[in-house]
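Take a look at the structure set out below.
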Ligand code: SF4
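Residue numbers (our numbering): 12 to 270.
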């Protein structure tokens, strides 16, 4: 089940309402241009398609989003959209040595079925065989300490896996965190944008592929047998922004906490 509406300041506007407001050139909730929200609606996902960015997130959420109606807050989506804009701007510069903002996909056989893993590579520099993933952030002060988040490690390794499936041989991966908004330096009076490079260890290719297959198996069990992946602890940061949190908790309760 795809996104069914947008929530603005506690009021839910279903997609038909948003479309009607867009035709009239109105705002949603008095502050979001309806025509903008109308084109941001998620498309239904193919359950056999796995995105590199899904790997480190909550698999239970990905499954529930597929079957349950959900709404989103544009306020929660905005930061990601700004990041998408940065990627699009960087992709406009051509670089003959690099693959820039290329979408790759490859089949992933799992127990007699075939899933597809896809991902958008921000930049792969062929001469140095280096993969760089851009991450826009509010502040770089705490990023990468003590190391990259597990979700980013899986994502970067998935990009490396995809590159290998397409004949490349990456040896290095790094995340470039850059603040969305700079600040004015007290010392110089000039604007500064802080950024930080964080190295990501590339896993042994076979070990990573085994991990991918394990994730694929979990998803297949959910879609074929209705066996939901387990819920994360209630105070997990992913749950704070989860659009299917209510149904997740309800199902967990009904199953006696087993998920
Ligand atoms: S509430 Fe938490 S555990 Fe449940 S689906 Fe959402 S992110 Fe996953």
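The beta carbon of each residue, even a glycine, is placed where N, CA and C say it ideally should be. Predicted model, so just to flag it, every value in this text is computed and none were measured.
Distance cut-off 7 Å: residue i Cβ against heavy atoms of the ligand SF4
i           : result
residue 71  : yes
residue 177 : no
residue 243 : yes
residue 249 : yes
residue 173 : no
residue 14  : no
residue 346 : The requested residue 346 is not part of the displayed model; the chain covers only 12 to 270.
residue 182 : no
residue 101 : no
Simplified DSSP assignment, three categories, for residue i
i           : result
residue 136 : strand
residue 105 : coil
residue 79  : coil
residue 198 : coil
residue 256 : helix
residue 37  : coil
residue 42  : coil
residue 165 : helix
residue 213 : coil
residue 231 : helix
residue 270 : Low confidence applies here, because residue 270 scores a pLDDT of 44, under 50, leaving its location unreliable; read the following figure in that light. Note: residue 270 maps to coil in three-state DSSP.
residue 237 : coil
Distance cut-off 7 Å: residue i Cβ against heavy atoms of the ligand SAH
i          : result
residue 39 : The ligand SAH is absent from the structure shown, which contains only the ligand SF4.
Bridge-paired residues (DSSP) for residue i
i           : result
residue 120 : 125
residue 147 : 189
residue 17  : 24 and 83
residue 61  : 128
residue 141 : 136 and 183
residue 115 : 130
residue 206 : 189
residue 110 : 135
Own chain residues within Cβ distance below 7 Å of residue i, not counting five before or after
i           : result
residue 269 : Residue placement at residue 269 is flagged as unreliable, the pLDDT there being 48, under the threshold of 50; a coordinate-derived value is accordingly withheld.
residue 171 : 142, 181, 184 and 213
residue 30  : 49
Sequence-distant residues of the same chain with beta carbon closer than 8 Å to residue i, five excluded per side
i          : result
residue 70 : 226, 229, 230, 233 and 240
Contacting residues, own chain, Cβ-Cβ under 6 Å from residue i (five flanking each side not counted)
i          : result
residue 60 : 127
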